[in-house]
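Read the structure below first, then the notes.
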Amino acid sequence: MIYAAKFFLALLSLVAVAAVYKFPLKKVENREFVAQIIARAAKGMKPSFRLKDDGSIVINDYENSQYYGEIALGTREQKFNVIFDTGSADLWVASSQCDSSCGRHAKYDSSKSSTYVANGTSFDIMYGSGPVSGFQSIDTLDMGGLIVKSQEFAEVTNAEGLGAAYKLGKFDGILGMAFGALSVNHVTTPFDNLVAQGLVESSEFAFYLGNSATDKGELVLGGTDPAHYTGDITWVNLLSATYWEITMNGMSVAGTSYATNAKAIVDSGTSILTGPSESVAAIAKQIGAKEIIEGEYMLACNYDTLPDFTFNIDGKDYVLTAYDYLIPDGDLCMLGLMGMDIPAPTGPLWILGDVFMRKYYTVFDSGNKRVGFALANHNQ
Numbered sequence: 014m015i016y017a018a019k020f021f022l023a024l025l026s027l028v029a030v031a032a033v034y035k036f037p038l039k040k041v042e043n044r045e046f047v048a049q050i051i052a053r054a055a056k057g058m059k060p061s062f063r064l065k066d067d068g069s070i071v072i073n074d075y076e077n078s079q080y081y082g083e084i085a086l087g088t089r090e091q092k093f094n095v096i097f098d099t100g101s102a103d104l105w106v107a108s109s110q111c112d113s114s115c116g117r118h119a120k121y122d123s124s125k126s127s128t129y130v131a132n133g134t135s136f137d138i139m140y141g142s143g144p145v146s147g148f149q150s151i152d153t154l155d156m157g158g159l160i161v162k163s164q165e166f167a168e169v170t171n172a173e174g175l176g177a178a179y180k181l182g183k184f185d186g187i188l189g190m191a192f193g194a195l196s197v198n199h200v201t202t203p204f205d206n207l208v209a210q211g212l213v214e215s216s217e218f219a220f221y222l223g224n225s226a227t228d229k230g231e232l233v234l235g236g237t238d239p240a241h242y243t244g245d246i247t248w249v250n251l252l253s254a255t256y257w258e259i260t261m262n263g264m265s266v267a268g269t270s271y272a273t274n275a276k277a278i279v280d281s282g283t284s285i286l287t288g289p290s291e292s293v294a295a296i297a298k299q300i301g302a303k304e305i306i307e308g309e310y311m312l313a314c315n316y317d318t319l320p321d322f323t324f325n326i327d328g329k330d331y332v333l334t335a336y337d338y339l340i341p342d343g344d345l346c347m348l349g350l351m352g353m354d355i356p357a358p359t360g361p362l363w364i365l366g367d368v369f370m371r372k373y374y375t376v377f378d379s380g381n382k383r384v385g386f387a388l389a390n391h392n393q
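In my numbering, the protein residues as written are 14 to 393.
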């Protein structure tokens with residue numbers, strides 16, 4: 014009887030653990046990250062976007078992404094480092110048929126997978142810097158030990174539009190975690206497939222973004238990890254099920270208001286904050302930051318004297334101190350805020366990227382169309 018009870022409790026424990034899946038995120042170190050941004054800016058490249066015919070936008074800031082993780086495609090598995098991007102909805106990796114624009118990245122080879130299914134639909138996306146193209150394929154996808162069957166994805170054969178930063182960068186592709194309405198070919202997203210195939214019990218996924226090499230980042234599928242945040246999660250309803258777009262009631266710096274009832278996207282694929290260029294320039298001037306190249310600002314790392322940035326979302330203040338919004342590079346710091354002017358009706362738009370998500374543990378709930386925030390616990 015005692016043995017049976019212990020067995021039952023152990024089984025319950027396994028079921029509870031199986032409901033939430035975690036896997037680690039890797040981080041590009043700050044010095045390397047800042048160097049990449051400055052190098053791109055020196056060549057006239059900056060975070061950009063393209064306005065699509067339906068009024069939606071495609072944001073091109075992947076070269077500046079700081080966090081990535083490993084997935085696998087096919088049988089036997091072929092591994093890839095990807096950016097988990099809540100600002101897009103497609104999964105793509107470099108193809109074995111890619112030209113030199115894919116550099117030395119890991120490349121998917123369908124001939125080496127026994128579960129590959131041909132599709133062949135053209136995949137064409139125009140980023141702000143140029144085109145990326147390829148074709149659709151179908152295979153199994155391993156996300157942190159969860160095996161998704163028949164996941165449609167894109168094999169990229171020309172990545173010229175992402176430039177040398179992709180060719181030489183750490184990530185092999187993108188795994189979009191926005192809503193399927195944004196997919197180029199209206200493909201079911203990997204996370205939606207996880208839910209539909211019963212691989213997770215909850216329609217939630219959550220990001221914990223580490224601060225350093227010793228503070229590991231983590232993506233949780235199917236729920237949250239309470240060890241990585243403190244207090245309660247505050248939920249905010251989405252404006253629409255496309256991007257993870259919310260209303261930002263206000264943004265201020267030391268009492269000076271720079272936004273009221275603005276639209277904002279919570280975007281894990283953008284490592285910094287962005288806002289309208291005029292507002293960002295005024296904020297930079299207020300805190301003494303100098304523009305080194307258009308839209309890029311540096312300043313002294315005066316953490317203890319610089320003012321806070323306050324974002325008001327659904328009546329609650331979310332505060333970033335200088336320790337949060339400055340990215341150190343030796344004796345100087347890069348301001349983790351850049352200008353980006355997105356026209357109406359999609360814009361004006363603010364992007365709450367990893368600078369915000371590092372401070373606030375962020376939960377994305379696709380089933381209830383909401384996003385949640387809690388103070389991240391970096392003192393574990």
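Yeah, the Cβ is synthetic: ideal placement off N, Cα and C, and Gly gets one too. Since we're looking at a predicted model, the values are computed, not measured.
- For C115 and L350, the gap between their C-alpha atoms comes out near 29 Å.
- Taking a C-beta distance under 7 Å as the contact criterion, L159 and L207 qualify as a contact pair.
- Taken in chain order, the unbroken stretches of alpha helix (DSSP H) that lie wholly in the region 284-345 and span 4 residues or more are 290-300 and 335-338.
- In the assembly as shown, W257 is a buried residue. Its beta-carbon has 16 or more other beta-carbons within 10 Å.
- Around the C-beta of K303, fewer than 16 other C-beta atoms lie within 10 Å, and the residue is accordingly described as exposed.
- Rounded to the nearest angstrom, the gap between the Cα atoms of G366 and I246 is 18 Å.
- The C-alpha of L388 is placed about 21 Å away from the C-alpha of Y34.
- Using a 10 angstroms sphere on the CB of E309, the tally of other CB atoms reaches 16 or more, which defines it as buried.
- In this structure the region 84-95 touches the region 181-188; the number of beta carbon pairs closer than 8 Å is three or more.
- In the displayed model, D280 falls within coil according to three-state DSSP, outside both helix and strand.
- Per DSSP, Y373 is one residue of the beta strand (DSSP E) stretching across Y373 to D378.
- Residue burial annotation: T170 is buried, with at least 16 other C-beta atoms found within 10 angstroms of its C-beta.
- In the DSSP assignment, the residues bridged to V169 are A107 and G147.
- Between L232 and V213, the C-beta spacing is not below 7 Å.
- CA-to-CA, the gap between I326 and T287 works out to about 16 Å.
- Listed in chain order, the non-local C-beta contacts of S290 below 6 Å within the same chain comprise G352 and D354, local neighbours out to five positions each way being set aside.
- With a cutoff of 7 Å on beta-carbon distance, Y373 and Y221 are scored as not near each other.
- In the three-state DSSP reduction, A357 falls in the coil class, being neither helix nor strand.
- Non-local beta-carbon contacts of P144 in its own chain, meaning distances under 6 Å to residues more than five positions away in sequence, involve G174 in chain order.
- Its chain contains V249, L251, L252, A277, V279, I326 and V384 as the residues whose beta carbon lies nearer than 7 Å to that of I259, once the 5 sequence neighbours on both sides are disregarded; these appear in chain order.
- DSSP, read as helix, strand or coil, puts G133 in strand.
- A Cβ-Cβ contact shorter than 7 Å links G380 with S216.
- At a Cβ-Cβ threshold of 7 Å, K125 and A254 do not count as neighbours.
- With contacts defined by Cβ atoms closer than 7 Å, V197 and I285 do not form a contacting pair.
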